[in-house]
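A.B. asks: Quick one: the structure is below, and I'll ask about it shortly.
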Amino acid sequence: MSRVLVGVKRVIDYAVKIRVKPDQSGVVTDGVKHSMNPFCEIAVEEAVKLKEKKFIKEVVAVSCGPSQVTETIRTALAMGCDRGIHVEVSGKDYEAMGPLQISKIFAALAKKEEASLVILGKQAIDDDCNQTGQMTAALLDWPQGTFASEVTIDGETVKVVREIDGGLETIKISMPAVLTADLRLNTPRYATLPNIMKAKKKKIANMKPADLGVDMVSRVEVLRVDEPPTRLAGVKVETVDDLVAKLKANGTI
Amino acid sequence: MPISELLLFYIISCCMLNHLLYVLLFSSIPVVKAATVSGSDMANPLRSEVRQLYKNLLFLGREYPKGADYFRERLKGAFMKNKDVTDPKEIKKLVDRGEFVIKELEALYYLRKYRAMKKRYYEEELSAVLNIGRPVD
Numbered sequence: 001m002s003r004v005l006v007g008v009k010r011v012i013d014y015a016v017k018i019r020v021k022p023d024q025s026g027v028v029t030d031g032v033k034h035s036m037n038p039f040c041e042i043a044v045e046e047a048v049k050l051k052e053k054k055f056i057k058e059v060v061a062v063s064c065g066p067s068q069v070t071e072t073i074r075t076a077l078a079m080g081c082d083r084g085i086h087v088e089v090s091g092k093d094y095e096a097m098g099p100l101q102i103s104k105i106f107a108a109l110a111k112k113e114e115a116s117l118v119i120l121g122k123q124a125i126d127d128d129c130n131q132t133g134q135m136t137a138a139l140l141d142w143p144q145g146t147f148a149s150e151v152t153i154d155g156e157t158v159k160v161v162r163e164i165d166g167g168l169e170t171i172k173i174s175m176p177a178v179l180t181a182d183l184r185l186n187t188p189r190y191a192t193l194p195n196i197m198k199a200k201k202k203k204i205a206n207m208k209p210a211d212l213g214v215d216m217v218s219r220v221e222v223l224r225v226d227e228p229p230t231r232l233a234g235v236k237v238e239t240v241d242d243l244v245a246k247l248k249a250n251g252t253i
Numbered sequence: 001m002p003i004s005e006l007l008l009f010y011i012i013s014c015c016m017l018n019h020l021l022y023v024l025l026f027s028s029i030p031v032v033k034a035a036t037v038s039g040s041d042m043a044n045p046l047r048s049e050v051r052q053l054y055k056n057l058l059f060l061g062r063e064y065p066k067g068a069d070y071f072r073e074r075l076k077g078a079f080m081k082n083k084d085v086t087d088p089k090e091i092k093k094l095v096d097r098g099e100f101v102i103k104e105l106e107a108l109y110y111l112r113k114y115r116a117m118k119k120r121y122y123e124e125e126l127s128a129v130l131n132i133g134r135p136v137d
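Top to bottom, those sequences are chains A and B. When you line the first sequence up against the UniProt record's numbering, it's residues 1 to 253, in that order. When you line the second sequence up against the UniProt record's numbering, it's residues 1 to 137, in that order.
Printed below as a string of structure tokens:
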């Protein structure tokens, strides 16, 4: 029957205060708490829900990165995925890894595993790219249901309610398809200790991007990483005329 | 999400933090002592239940907003306070209360994360309606 591929990303925990490295080459990640991207949690939850409703047979959690990402895959397994795939990427390749390389990996895996659905989070909270889902669909030439806030499978088609500016859009796309999860799709379950213990029995396969025929060369180079500018204090004025004069002097009007 | 729901979430999550501590501190969650000479075999399965409950709560406490150490202290205190309870019915009742705290913690963590994501990625309805700038966090 059908198989679903779910992508999970290991990111710096959402509650951690981010610090920029002194050499402005990136963000401090050593010793910082990492966890699964919140939107990826929602994607995993949706896949597991679909399996519980018997629309799909198997959920495979995939993550790319160094050995630490197996923790994230284990969390996905604890939430209900059947098995995991760890695509090993480390060192310079990992630092330069972006949506393009990930989507190539996912496209290759989707074909290899004969998946009928690829569910991803809409964006990662560290790079905020919002590109991986769309690129994966383009590489596979599959339809995409992005920013999904409601997913219903009906035979060989999927009805997706998308959150767009100004409201909701409902589309019907045929499977196989790529979906990206938005915040209000579902409420992800917590991976409790008993579930994590049970998940230890589940398998995580190991492979390299080269095994899938993907080159990890990045076309993007990070030049500099800066902190956002500190907010300047506001200026108080006494009368409306003062305000207008100040705005004119500023060149705003 | 309408503003009233937003406010409700905020109030509930603030109350939850206080309520959780209250439940932990003032409720009594049992630690079943080793079966004594007069004790029965019934204490044993309950003992593993209680131990598992403690482990589960400890695991959940890692993400506690006020810190894992703070949570661990309170948790140990709450369990130690009732180490002399022997009545199995009483113990079962207290274990159920412990499970309730687990559910509350999970809900608290979810709400915190949801509110943080909503604040970061979705323009607040009120500021959009009043046409004032987004707050810089």
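Beta carbons: idealized from backbone N, C-alpha and C, even for Gly.
(1) Indicate whether Val118/A and Thr136/A have their beta-carbon atoms separated by less than 7 Å.
(2) Listing by chain order, which chain B residues have their CB less than 8 Å from the CB of Pro194/A?
(3) In the DSSP assignment, the beta strand (DSSP E) including Glu90/B goes from what residue to what residue?
(4) Which first and last residues belong to the alpha helix (DSSP H) in which Glu46/A is found?
(5) Taking the Cβ atom as the reference point for each residue, do Ile204/A and Gly84/A lie within a distance shorter than 7 Å?
(6) Rounding to the nearest angstrom, what Cα-Cα distance links Lys119/B and Pro229/A in this structure?
(7) Under 8 Å by Cβ, that's how I've got Ser63/A and Ile73/A pegged, so tell me the actual separation to the nearest angstrom.
(8) Quick one: which chain B residues come within Cβ less than 9 Å of Tyr94/A?
(9) What separation, rounded to the nearest whole angstrom, lies between the Cα atoms of Lys248/A and Phe147/A?
(10) Would DSSP call Val4/A helix, strand or coil?
(11) Give the DSSP bridge partners of Arg10/A, in chain order.
(12) For the segment 165 to 188 of chain A, which residues have a beta carbon sitting closer than 7 Å to at least one beta carbon of chain B?
(13) Please name the residue in Thr180/A, Leu50/A, Ala199/A, Tyr94/A whose C-alpha comes closest to that of Glu71/A.
(14) Does Asp154/A come out as helix, strand or coil in the three-state DSSP assignment?
(15) Based on the DSSP secondary-structure assignment, which residues constitute the bridge partners of Glu163/A?
(16) Who are the near neighbours of Trp142/A in its chain, counting only those whose CB is closer than 6 Å to its CB and skipping five residues on each side?
(17) When the Cα atoms are used, what is the spatial distance from Leu111/B to Arg231/A?
(18) Which of the three DSSP states, helix, strand or coil, is assigned to Gly234/A?
C.D. replies: Considering the structure as presented:
(1) yes
(2) Gln52, Asn56
(3) Unbroken run through Glu90/B is the alpha helix (DSSP H), 88 to 121; no beta strand (DSSP E).
(4) 38 to 52
(5) yes
(6) 19 Å
(7) 5 Å
(8) What Tyr94/A touches in chain B: nothing, since even the nearest Cβ is about 25 Å away.
(9) 42 Å
(10) strand
(11) Met36/A
(12) Leu183, Thr187
(13) Ala199/A
(14) strand
(15) Leu168/A
(16) Pro176, Ala177, Val178
(17) 28 Å
(18) coil
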